[in-house]
Amino acid sequence: MRRQTSLRTRVIAGLVGACVVVGLVLAVAPWTVSSDALREAVARQLARELGIDMPVTGRTTIAFLPAPRVKFEDMRLATTDGTPLVDGGALRGQLAWAPLVLGRIRLTEVSLAQARVLVPVDAQGRSPWDPALARLDARLADDEGDAIGTLGLVDTTIVYSDAATGRREIVRDADLVLSWPNAAGPLSLSGSAALRGETMQIALSGLVPAQLVAGASSPLDLRLTGRLGRLSIAGTIATGRDSPWLTGRVSFETRMARDVLAWSGTRLPLGPSIGPLSLEGDANGVGRTLSFSALRLGLGGDPMEGALTARYQDGRLGISGTLAAGSLDVDRFAAPVVVASDPASSQRRAPLGLTQHAAADLDLRLSASEARIGGARLTDVAMAVLVTKGKIETSVSRAGLAGGEVRGRFTLSDLGDMIEMRLEAEGSGVDLGPLGRDLGSAWIAGPATGEIALVGTGRHAEELLGTLAGEVAVEVAPGEFVGVDLAEALRRFERQPLTATRTLRSGRTPFTRAAARLDVLDGVGTLVDSGFESPQLSGMLEGTVSLAARRIDAKAAVESVTPVGEGNLISALTFGFRGPLTDVTLVPDAKALIQRSGAARLLLGAPEPETETALPAFAPAAQQ
Numbered sequence: 001m002r003r004q005t006s007l008r009t010r011v012i013a014g015l016v017g018a019c020v021v022v023g024l025v026l027a028v029a030p031w032t033v034s035s036d037a038l039r040e041a042v043a044r045q046l047a048r049e050l051g052i053d054m055p056v057t058g059r060t061t062i063a064f065l066p067a068p069r070v071k072f073e074d075m076r077l078a079t080t081d082g083t084p085l086v087d088g089g090a091l092r093g094q095l096a097w098a099p100l101v102l103g104r105i106r107l108t109e110v111s112l113a114q115a116r117v118l119v120p121v122d123a124q125g126r127s128p129w130d131p132a133l134a135r136l137d138a139r140l141a142d143d144e145g146d147a148i149g150t151l152g153l154v155d156t157t158i159v160y161s162d163a164a165t166g167r168r169e170i171v172r173d174a175d176l177v178l179s180w181p182n183a184a185g186p187l188s189l190s191g192s193a194a195l196r197g198e199t200m201q202i203a204l205s206g207l208v209p210a211q212l213v214a215g216a217s218s219p220l221d222l223r224l225t226g227r228l229g230r231l232s233i234a235g236t237i238a239t240g241r242d243s244p245w246l247t248g249r250v251s252f253e254t255r256m257a258r259d260v261l262a263w264s265g266t267r268l269p270l271g272p273s274i275g276p277l278s279l280e281g282d283a284n285g286v287g288r289t290l291s292f293s294a295l296r297l298g299l300g301g302d303p304m305e306g307a308l309t310a311r312y313q314d315g316r317l318g319i320s321g322t323l324a325a326g327s328l329d330v331d332r333f334a335a336p337v338v339v340a341s342d343p344a345s346s347q348r349r350a351p352l353g354l355t356q357h358a359a360a361d362l363d364l365r366l367s368a369s370e371a372r373i374g375g376a377r378l379t380d381v382a383m384a385v386l387v388t389k390g391k392i393e394t395s396v397s398r399a400g401l402a403g404g405e406v407r408g409r410f411t412l413s414d415l416g417d418m419i420e421m422r423l424e425a426e427g428s429g430v431d432l433g434p435l436g437r438d439l440g441s442a443w444i445a446g447p448a449t450g451e452i453a454l455v456g457t458g459r460h461a462e463e464l465l466g467t468l469a470g471e472v473a474v475e476v477a478p479g480e481f482v483g484v485d486l487a488e489a490l491r492r493f494e495r496q497p498l499t500a501t502r503t504l505r506s507g508r509t510p511f512t513r514a515a516a517r518l519d520v521l522d523g524v525g526t527l528v529d530s531g532f533e534s535p536q537l538s539g540m541l542e543g544t545v546s547l548a549a550r551r552i553d554a555k556a557a558v559e560s561v562t563p564v565g566e567g568n569l570i571s572a573l574t575f576g577f578r579g580p581l582t583d584v585t586l587v588p589d590a591k592a593l594i595q596r597s598g599a600a601r602l603l604l605g606a607p608e609p610e611t612e613t614a615l616p617a618f619a620p621a622a623q624q
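Sequential numbering from 1 applies to the sequence shown in the UniProt record's numbering.
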């Protein structure tokens, strides 16, 4: 009896196990459904919630484990009048268990795979998606418990077109998941998508659409990350006309600002000169204005702090504000001018234009404890940058330079087919010794006072520099020439003329006053009233300086104030200044040296020198 019971138990257990296995296989294995009932049930839910029709030309499959799910292949989504919204691909949906037990079909999650989503906007701003958005608004007003809570896109393309502007954008490889389980609660969006060839990681959370529809503000946490940089917005947004549409903390960072501008189509003032860029601050957006306070702005150097306001008006962006920095690097923004003015630069004859640099307006006040431009180091800088359509103006109201102070204005203006450059500057107490060492040309030292006023026009830098006109004047008092001992040279000139030039390359020549004035015309400056004076010597300089070539070709005449040598006579020496301004070469007057040397004169058959030689002398300003 016991054996029969045990056998019966094993048979029953085996049958139950077989049924379970068969049930599991049937549940897990996808089933191809030939009936239209399933499609019609899903289509009814899409029509009820979004007002969308779903024609399906491919097969429909359903599986029950691990969760009931359905798949429609080669489907389309369209409006009730047949306008296509989604073309091709597959629609996958997850079914709710409870309605399924009762014989009803209800989707809780929907995803589109390998589909093409179409978002056309006509000239009046209307889109075929408007009815679906209206249904979503109704959902917010009447929270339905059986609404779809999760929408997904897998390897999907989104095509946006605007008939009014002609703009067309294509988002490719969209892998996104939108979770919105409660119509009155927050939604989240995460995933990635590629726009204009750049793939971005997207994370959005905290947004409550119901609050926006009700006219209230909603929290927002948005993060975009990609190869070009990263953007973070944490705060609140609103849709009210008079209320701020954004209040919160915004940060942005990129090492390739120019690539970001080109990718996004955004235009910034001085945009081509911007390299690394970082921004973080409290943002407040109202209308077409976005303001930043407690801002930290980085442009590759020390961060600047202050406030900025960006305003979009009449189709043009305008930025204004005040920033302060401990250290300011101006080289990147001055580089186009510096490079183009270099005689050896390949950009010398490149066409000049302000279209890109002046593509947006800028009114910026800057202050810095220290600023560098080239080798020059400025301190306690107060400056302003003004960019308007066709014009860039930089003004320095105050800056310390080598123990003195300078101020000036530099302007570039677009005259249509050419650019006009204006430079006006003045300085006082600037020690040329330290400044020259910083610039790599320390041949004169002493506190200097000077003025510059130049203007030129041209289609390229070479032409512009060749039209420069104006005046440059500088006075140094007292000071010294470094690398030359003119007093010793005069003494040697009397005793041993042929060795007099040895001291032209060493020693120092102090003076009480030195002055020079350049009258500039067609890019060439003529030295006028230029010379120096000291208790022992006086001298004058005449010749030309090419601003375009940055070269000097001048002749100096130096004479002793008191008699020197055995003859107790006034001694004089002439030599030339030639070469690049950063590496001037002193060339002695060989003919004068030979005439002074009796032995050399007899050897070379030179004529006897005249008894008296009239040499020009530099007259002090008080005597002129």
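Every residue gets a Cβ at the ideal spot worked out from N, C-alpha and C, and that includes glycine.
- If you draw a straight line from the Cα of VAL482 to the Cα of ALA554, it comes to about 18 Å.
- Taking 9 Å as the cut-off, the beta carbon of GLY531 is found closer than this to the beta carbon of LEU541.
- A distance below 9 Å separates the beta carbons of SER320 and LEU362.
- It is roughly 19 Å from the alpha-carbon of LYS391 to the alpha-carbon of LEU468.
- Two segments are said to touch when three or more pairs of C-beta atoms, one from each, lie closer than 8 Å; by this definition the stretch 266-280 touches the stretch 328-339.
- Collapsing the DSSP output to three states places ASP302 in coil.
- By the Cβ rule, the stretch 297-311 does not count as touching the stretch 427-445, because fewer than three pairs are nearer than 8 Å.
- For the pair GLU420 and ALA549, the Cα-to-Cα distance works out to about 19 Å.
- Boundaries of the beta strand (DSSP E) harbouring SER367: 361-373, taken from the DSSP string.
- Nearest to ASP87 by C-alpha distance, out of ALA47, LEU77, ALA371 and MET256, is LEU77.
- Restricting attention to GLN347, MET383, ILE552 and ALA324, the CA atom closest to the CA of ASP583 is found in ILE552.
- For PRO580, the secondary structure class from DSSP, reduced to helix, strand or coil, is strand.
- In this structure, the beta-carbon distance from PRO588 to PHE577 does not fall below 9 Å.
- About 4 Å separates the Cβ atoms of LEU328 and ALA371, confirming a contact at the 8 Å cut-off.
- With contacts defined as CB atoms closer than 9 Å, ARG92 and SER111 qualify as a contacting pair.
- Per DSSP, the unbroken alpha helix (DSSP H) holding GLN211 starts and ends at 209-213.
- Taking a contact as a CB-CB distance under 8 Å, the pair THR165 and PRO128 does not count as one, their CB atoms being some 18 Å apart.
- GLN211 counts as buried, since no fewer than 16 other beta carbons sit within 10 angstroms of its beta carbon.
- Each of GLN201, ALA183 and ASN182 was checked against the Cα of GLY191, and the nearest Cα belongs to GLN201.
- Between the alpha carbons of GLY326 and ALA340 lies a gap of roughly 29 Å.
- One thing to note: GLY149 has its Cβ within 9 Å of the Cβ of SER179.
- The alpha-carbon separation between ASP162 and ASP155 amounts to approximately 23 Å.
- GLN313 and ARG288 have their C-alpha atoms spaced approximately 7 Å apart.
- Shortest Cα-Cα distance from ALA557 to any of ASP529, ARG59 and LEU581 involves ASP529.
- Counting only residues of its own chain and dropping the five nearest sequence neighbours on each side, ASP122 has a CB closer than 6 Å to the CB of ALA163.
- Boundaries of the alpha helix (DSSP H) around LEU439: 432-439.
- The beta carbon of ILE373 sits closer than 7 Å to those of VAL330, ASP331 and ALA334, all from its chain and outside the five residues before and after it, given in chain order.
- Within the same chain, GLU253 and GLY298 come within 6 Å of SER278 by CB-CB distance, once the 5 residues on both sides are set aside.
- In the structure shown, SER192 adopts extended strand secondary structure according to DSSP, grouped into three states.
- Excluding residues up to 5 positions away in sequence, ILE444, ALA445, GLY446, ARG508, THR509, PRO510 and PHE511 lie with their Cβ nearer than 8 Å to the Cβ of GLU480 in the same chain.
- Using a Cβ distance threshold of 9 Å, ALA360 and LEU317 count as a contacting pair.
- Annotated as distal: GLY543 and LEU521, with beta-carbon spacing of 9 Å or more.
- Under the criterion of beta carbons closer than 8 Å, VAL260 and GLY229 qualify as touching, at roughly 6 Å.
- Counting the other Cβ atoms within 10 Å of the Cβ of ALA257 gives 16 or more, which makes it buried.
- Contact check for THR322 against ARG365 passes: the beta carbons are separated by less than 9 Å.
- Counting along the chain, ASP414 sits inside no alpha helix (DSSP H); it lies in the beta strand (DSSP E) bounded by residues 404-414.
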